[in-house]
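Asker:
Residue numbers (my numbering): 48 to 268.
#1: From what residue to what residue does the alpha helix (DSSP H) around residue 174 run?
#2: Which class does residue 102 belong to by DSSP, given the choice of helix, strand or coil?
#3: Here's the rule I'm using: 16 or more other beta-carbon atoms within 10 Å means buried, otherwise exposed. How should residue 250 be labelled?
#4: According to DSSP, which residues form a beta bridge with residue 247?
#5: So which of 246, 225, 144 has the shortest CA-CA distance to residue 252?
#6: In whole angstroms, what is the alpha-carbon distance linking residue 178 and residue 163?
#7: Would residue 230 and residue 207 qualify as a contact pair, given that the criterion is a beta-carbon distance under 8 Å?
#8: Could you check the C-alpha separation between residue 228 and residue 220 for me, to the nearest Å?
#9: Assign residue 219 to one of three DSSP states: helix, strand, or coil.
#10: Is the distance from the Cβ of residue 239 to the Cβ of residue 245 below 8 Å?
#11: Rounded to the nearest angstrom, how far is the Cβ of residue 265 from that of residue 176, given a contact under 8 Å?
#12: If I follow the unbroken alpha helix (DSSP H) through residue 63, where does it start and stop?
#13: Who pairs with residue 211 in a beta bridge, going by DSSP?
#14: I'd like to check one pair, residue 247 with residue 237: are the Cβ atoms closer than 8 Å?
#15: Just the C-alpha distance for residue 135 and residue 58, rounded to the nearest angstrom, thanks.
#16: By a C-beta neighbour count over all protein chains shown, 10 Å radius and 16 as the cutoff for buried, is residue 147 buried or exposed?
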């Protein structure tokens, strides 16, 4: 009986040899399930109704937001980021806002010394150093400079100290470098009042934060 059912037109030819090995109950269950599914798809055309389903989900979400306005306690809804970065997270509304400490995504102290073996500077010199300068290196230089700026947080504003720091290139490097030295104001260290991390850096103009990066602007632009 199961063998005769396996030759049914409801079963794909490539699956008939598998269905023929099933028991009668499993065969009937398989045919009824696939027939119901095929009939439902044929009747409702799910592939052409994706946007309608998305619209229903969006409407329900908006309706829930509207209902929150009439809840007890006067719940307010923010539809955009605030200028000073408040209310970015529901856990603490001042996290990542202007005037708060930068968020660290790793421990302040290296617990695993093997992370520095090989040292990052050695890896960078091996991978990025070029003995001969050729014309096709301009685009690479721009990408490298942009990445270095990003890594040293040059794209975010932090509270600077009044003490100026000067970096000077070694003699063997300064000969081929147009910029022999670079002066800048180091980041001001502020007491956190915490025993775990005694000092930190304050964010002055970049209230928006995502994962390990800080970016954005304040009311002044």
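Cβ atoms here follow ideal geometry from the backbone N, Cα and C, with glycine treated the same way.
Note that this is a predicted model, so its numbers are computed, not measured.
Answerer: Inspection of the coordinates gives the following:
#1: 167–175
#2: helix
#3: buried
#4: 237
#5: 144
#6: 25 Å
#7: no
#8: 11 Å
#9: helix
#10: yes
#11: The Cβ separation is near 40 Å, so there is no contact.
#12: 63–66
#13: 232
#14: yes
#15: 54 Å
#16: buried
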